[in-house]
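Only one structure is covered here, and it is reproduced in the block below.
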Amino acid sequence: GAKIERMAHGFVFTEGPTWHRGELWFSDLRGNKVWSITPAGKMTMRLDHAGGADSFDTRYFRGSNALVNAADGTLLLAQHSAHRIVKLDDAMRVSSFLDKYNGVALNSPNDMVYAADGALWFTDPPYFFNDPLKGMTDATKVKGTQKTNNVYRFKDGKLTAVITDLARPNGIGFSPDGKTLYVSNTEPNSLLYKYDVKPDGTVSGKKLLADWSKEKGDGVPDGLKIDSQGNIWCTGEGGIRIVSPTGKLLGQIVLPEVAANLAFGGNDMKTVYITASTGVSPLPLLIAGEKP
């Protein structure tokens, strides 16, 4: 019942939030910029041309997406136009971190998360190739990119395609004990999957946790996060769905615009910061989020 107040607005499409040095960093995916915002609402534009291209039609998803803190204190950033993940140092200098799998360029690295063993996991759907006039199919991909849209694991210098059979893998997260992986599938069907994670980094036991394909409302499954009790907070049709580890729908946050992603924050992790179409909104919670 809490009223949703926007703490920042005026963006084209906000995505990929993460906390870094006391500020919430996020991408304006269509605006081609990375911003940060303090809990008090002070805004700073951190990186222009963030997606790896100087400019593009703002109907396209060709900017930057997820950000995540690396172990060395730098930031990793997913760049759609450059088909890669880059590292950002304190001076916002960009250096390539991951750009190929088996010698072939990545598609559009989207969302990222670190596992407890230090492995980086990320989804790689083809959203760089989205054409707002013609729609999107795998046939619209440019030559020299991946034939499948994979979920990857990077550990000890080795990149592995762990999941290769999803149409549009997008949001990704782990249960608090690290034994379960959750991945949202955006299109053509709105789906949420769970997997058992083995100690060697492989997965098994694929299970459909939720199917929202017949739901009506704006938005699709995109970013997701896990709370301290293991519940999954997943963006989707009509807002943010909160789902138990067994697939029970516990609740829904109805929003005035499409939400792309979210991040827990605050000293007690009892605030969720929602990155939506044109703004960022904090919402107080009764339950704490899981710390990355």
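When we follow my numbering, the leftmost residue of the sequence shown carries the number 5, and every step to the right adds one.
Glycine residues also receive a C-beta, built at the ideal position from the N, C-alpha and C atoms.
For Y118, the three-state DSSP class (helix, strand or coil) = For this step, residue 118 is matched to residue 114 along the sequence shown. Collapsing the DSSP output to three states places Y118 in a strand.
Beta carbon of K274 nearer than 9 Å to that of L259 | The residue given as residue 274 occupies position 270 in the sequence shown. The residue given as residue 259 occupies position 255 in the sequence shown. Not a contact, by the Cβ cut-off of 9 Å.
Which of the three DSSP states, helix, strand or coil, is assigned to F268?
-> Here residue 268 corresponds to residue number 264 of the sequence shown, with the count starting at 1. DSSP, reduced to helix, strand and coil, places F268 within a strand of the structure shown.
Express the C-alpha separation of K37 and F30 in angstroms, rounding to a whole number.
-> Reading the sequence shown from its first residue, position 26 is the one you call residue 30. Reading the sequence shown from its first residue, position 33 is the one you call residue 37. About 9 Å.
How about I291 and D231: do their beta carbons lie closer than 9 Å?
-> Counting from one through the sequence shown, the residue named residue 291 turns up at place 287. Counting from one through the sequence shown, the residue named residue 231 turns up at place 227. Contact flag set, yes.
Return the residue from the list L195, G269, I236, M96 that minimises the CA-CA distance to L254.
-> Residue numbering aside, residue 254 sits at position 250 when the sequence shown is read from its first letter. That would be I236, whose Cα lies nearest to the Cα of L254.
Which residue comes first and which comes last in the beta strand (DSSP E) that contains F101?
-> Locating residue 101 in the sequence shown gives position 97, where the first residue counts as 1. 98–102 is the span of the beta strand (DSSP E), which, as asked, contains F101.
In DSSP terms, what K151 is bridged to = Residue numbering aside, residue 151 sits at position 147 when the sequence shown is read from its first letter. For K151, which the question treats as bridged, DSSP gives no partner whatsoever.
Kindly indicate which three-state DSSP category F158 falls into: helix, strand or coil?
-> Locating residue 158 in the sequence shown gives position 154, counting from the first residue. In this structure, F158 counts as strand in the three-state DSSP scheme.
State the CB to CB distance for the pair T164 and R172, rounded to an integer number of angstroms; the pair is presumed to be in contact (CB under 8 Å).
-> The residue given as residue 164 occupies position 160 in the sequence shown. The residue given as residue 172 occupies position 168 in the sequence shown. No, T164 and R172 are not in contact; Cβ-Cβ is about 20 Å, not under 8 Å.
Along the beta strand (DSSP E) that carries S179, what are the first and last residues, could you check?
-> Numbered from 1 along the sequence shown, position 175 holds the residue referred to as residue 179. Per DSSP, S179 lies in no beta strand (DSSP E) and is assigned neither H nor E.
Three-state class that DSSP yields for Y64 in the structure shown = Locating residue 64 in the sequence shown gives position 60, where the first residue counts as 1. It is coil, neither helix nor strand.
For P113, the nearest candidate out of D76, A74, N153 (CA to CA) = Within the sequence shown, residue 113 is the residue found at index 109, counting from 1. For the residues D76, A74, N153, the minimum Cα distance to P113 belongs to N153.
Proximity winner among F132, P192, Q83, relative to Y64 (alpha-carbon distances) | Taking the first residue of the sequence shown as position 1, residue 64 is located at position 60. Nearest option by C-alpha distance: F132.
For F133, the three-state DSSP class (helix, strand or coil) | Counting from one through the sequence shown, the residue named residue 133 turns up at place 129. In the structure shown, F133 falls within a helical segment according to DSSP collapsed to helix, strand and coil.
Within its chain, find whatever has a CB closer than 7 Å to the CB of K295; leave out the 5 residues flanking it on each side and keep chain order.
-> Here the question's residue 295 lines up with position 291 in the sequence shown. A distance below 7 Å between beta-carbons, with the five flanking residues on each side excluded, links K295 to the following residues of its chain, in chain order: M273.
For V228, which option in G175, I8, H24 has the closest C-alpha, if you only look at C-alpha atoms?
-> Within the sequence shown, the letter at position 224 stands for residue 228. Residue identity differs from the one stated: residue 228 is Leu in this sequence, not Val. Out of G175, I8, H24, G175 has the C-alpha closest to the C-alpha of L228.
Through-space distance from S208 to M47, alpha-carbon basis | To locate residue 47, count along the sequence shown from 1; it is residue 43. To locate residue 208, count along the sequence shown from 1; it is residue 204. Roughly 43 Å separates the two Cα atoms.
Going along the chain, which residues of its own chain have a beta-carbon closer than 7 Å to the beta-carbon of S100, five neighbours each way excluded?
-> Sequence index remark: in the sequence shown, residue 100 carries index 96 (1-based). Once the five neighbours on either side are set aside, the close Cβ partners of S100 are R88, V90.
For the beta strand (DSSP E) that L259 lies in, which residues bound it at each end?
-> The residue labelled residue 259 in the question sits at position 255 within the sequence shown. Segment: none, L259 is in no beta strand (DSSP E) and carries neither H nor E.
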